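Numbering (our numbering), first residue to last: 47 to 697.
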């Protein structure tokens, strides 16, 4: 094993691997700079380019992106006070406060160095896990792998925060969408609606871009988010930031360790780790007076953890095929596109590629931190570009990435429909990562169940490993509500003891419900009833997964309705009119592609958007639109891709 570890190091420094890793790092840097996009959207953009690539080279590009996004999103957090992603929320508290004091350079340099060290520690933890867990994973059969997929699904509750039932319902919808197409056990077709495009199911690229990237772009357009209104001065202090990290090696190591371990638990990534390590920094500090006002420790702690967490999330993804985060869920799809099966094969037949991933993560963290330091000043200027200028270019890129999935116009229509669902989920605070994890895990869960039932029969679910994992699932479902109930009981008891002196403290914060919640709950229940009827003719094996998904949706929706009835409820205003207008505009763009052709519609859309919405000068608008069109032409030649010509071309 050790010889494979070092032989894979030679693959790391080949010219193709380094070139594509740099490409991944640069794309990750750009995605990280734009607030709200994050790793899922960035990873989804790269997936179409994986077709036909050498696996080791493609993995280098993916790891370059995974490693640098938690570093790149620091720009928005520090310079603008806008979380670049959910994993950089805690950085805003003290990072933006330091920037307002003229110490942005100090905050950025300490953040980049902490991220690099955290990423390297995370890569070491990943190596250790693979060395230790390899014999365990090799002993797993289909029944244990099926239970592990259920364990991954049970972690969805963690992603949902207080809205547990909404998150479970979203996961059920993802499971149901993941069952569209042919049943692996029986060959029956499910939910094709007599549409040829749906017989093979929905591509992960389309679902990932639709559920995440499109809603974020629409949200930024509604807010007219420029990326900054006031010029942000970096100031001095680059060396001081490096010294700040050097003075606190214990804090960096502890937070990176916490991030690595938390990242290995499916669903416990991003903002959970971010705030956990920020709280640790506050608790471990002797002087807490400056936290929230510009304490450098409030930047070092979360930034040390988020890169390490990204590495930790690769542990369940590679070893068990369970995505440790939303980004890891898309990465799992990337492995499948490359013909790689997570689990036993990654540790037996593809061990060299597994170590290539580890080495790539470590090197990409170093490269990403160096690039972020070198590009800090130009990026500070880029963040002041109004997003309305970038929006048409990113939209065209998303359309291209979706079309590349199966090279069918159905990809664009599916992107719009999933995007509309993503907008509803975002506005109503339904967990979109839960939806994506359900979608990704559905095929694997069904295949493993079928294999276990076929080869092992009833004994498949009496194996010791299955029982242990089942106990973990039960604990993950039961312990959080029990802990929450105990905490509420102790809090009420404490409040009752103080009620004589403070009677107003007994008020309970009501739950919130909005019109979008009502629409989603009603639509899901009605849709579940129709789907149950539509699956009536399926065999037991062919219909078990979609029926399980329907049962999850119905149970979660009913429990959410019951919860809002028996507890105090506050009506929440949930706006949707502007978002629907942009969604309608996106479908109009798809209609333009169908009528005019991809290239012509893209050029007209870019030019019109920049002139009318962004109100750019004609010369600049024409230049950007021409550049976007030339990019599409160049990529088409590179990938031997033929764009749709449109209905008018056939007349």
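Just so you know, even glycine gets a beta-carbon here, dropped at the ideal spot from N, CA and C.
None of these values were measured; they are calculated from a predicted model.
Per DSSP, which one or two residues make a beta bridge with residue i?
{"i": "residue 661", "result": "DSSP output for residue 661 lists no bridge partner at all."}
{"i": "residue 152", "result": "DSSP, once it has assigned bridges, lists no residue as partnering residue 152."}
{"i": "residue 586", "result": "Note: residue 586 sits in no beta bridge, so no partner."}
{"i": "residue 227", "result": "236"}
Leaving out five residues on either side along the sequence, give the residues of the same chain with a beta carbon under 6 Å from the beta carbon of residue i.
{"i": "residue 532", "result": "none"}
{"i": "residue 173", "result": "404"}
{"i": "residue 419", "result": "158"}
{"i": "residue 329", "result": "none"}
{"i": "residue 488", "result": "221, 224, 225"}
{"i": "residue 238", "result": "244, 245"}
In angstroms, rounded to a whole number, what distance separates the CA positions of residue i and residue j?
{"i": "residue 541", "j": "residue 534", "result": "10 Å"}
{"i": "residue 91", "j": "residue 251", "result": "7 Å"}
{"i": "residue 568", "j": "residue 606", "result": "12 Å"}
{"i": "residue 240", "j": "residue 103", "result": "39 Å"}
{"i": "residue 77", "j": "residue 377", "result": "16 Å"}
{"i": "residue 210", "j": "residue 562", "result": "17 Å"}
{"i": "residue 520", "j": "residue 192", "result": "15 Å"}
{"i": "residue 117", "j": "residue 232", "result": "46 Å"}
{"i": "residue 536", "j": "residue 524", "result": "18 Å"}
{"i": "residue 66", "j": "residue 94", "result": "14 Å"}
{"i": "residue 160", "j": "residue 467", "result": "37 Å"}
{"i": "residue 617", "j": "residue 469", "result": "20 Å"}
{"i": "residue 357", "j": "residue 407", "result": "7 Å"}
{"i": "residue 587", "j": "residue 112", "result": "37 Å"}
{"i": "residue 89", "j": "residue 437", "result": "18 Å"}
{"i": "residue 590", "j": "residue 304", "result": "38 Å"}
{"i": "residue 683", "j": "residue 267", "result": "32 Å"}
{"i": "residue 717", "j": "residue 598", "result": "A question about residue 717 goes unanswered here, because the residues of the chain that appear run from 47 up to 697."}
Within 10 Å of its beta-carbon, does residue i have 16 or more other beta-carbons around it, so buried, or fewer, so exposed?
{"i": "residue 686", "result": "exposed"}
{"i": "residue 373", "result": "buried"}
{"i": "residue 107", "result": "buried"}
{"i": "residue 665", "result": "exposed"}
{"i": "residue 610", "result": "buried"}
{"i": "residue 492", "result": "buried"}
{"i": "residue 54", "result": "buried"}
{"i": "residue 352", "result": "buried"}
{"i": "residue 262", "result": "buried"}
{"i": "residue 212", "result": "buried"}
{"i": "residue 319", "result": "buried"}
{"i": "residue 457", "result": "buried"}
{"i": "residue 621", "result": "exposed"}
{"i": "residue 411", "result": "buried"}
{"i": "residue 522", "result": "buried"}
{"i": "residue 579", "result": "exposed"}
{"i": "residue 662", "result": "buried"}
{"i": "residue 61", "result": "exposed"}
{"i": "residue 501", "result": "exposed"}
{"i": "residue 529", "result": "exposed"}
{"i": "residue 442", "result": "buried"}
{"i": "residue 341", "result": "buried"}
Using a threshold of 9 Å, state whether the C-beta atoms of residue i and residue j are closer than that.
{"i": "residue 414", "j": "residue 74", "result": "yes"}
{"i": "residue 236", "j": "residue 633", "result": "no"}
{"i": "residue 485", "j": "residue 224", "result": "yes"}
{"i": "residue 307", "j": "residue 171", "result": "yes"}
{"i": "residue 290", "j": "residue 152", "result": "yes"}
{"i": "residue 474", "j": "residue 218", "result": "no"}
{"i": "residue 455", "j": "residue 176", "result": "no"}
{"i": "residue 444", "j": "residue 694", "result": "no"}
{"i": "residue 434", "j": "residue 659", "result": "yes"}
{"i": "residue 337", "j": "residue 186", "result": "no"}
{"i": "residue 349", "j": "residue 120", "result": "yes"}
{"i": "residue 448", "j": "residue 461", "result": "yes"}
{"i": "residue 139", "j": "residue 344", "result": "yes"}
{"i": "residue 188", "j": "residue 498", "result": "yes"}
{"i": "residue 515", "j": "residue 199", "result": "no"}
{"i": "residue 504", "j": "residue 512", "result": "no"}
{"i": "residue 354", "j": "residue 136", "result": "no"}
Nearest chain B C-beta to residue i closer than 9 Å, yes or no?
{"i": "residue 600", "result": "In summary, chain B is missing from the structure at hand, where a single protein chain is found."}
Within the same chain, show all residues whose beta-carbon is closer than 7 Å to that of residue i, passing over the 5 residues directly before and after it, in chain order.
{"i": "residue 675", "result": "645, 648, 649"}
{"i": "residue 571", "result": "600, 603"}
{"i": "residue 145", "result": "124, 125, 153, 278"}
{"i": "residue 114", "result": "71, 74, 75, 78, 410, 414"}
{"i": "residue 459", "result": "636"}
{"i": "residue 63", "result": "57, 102, 103, 106"}
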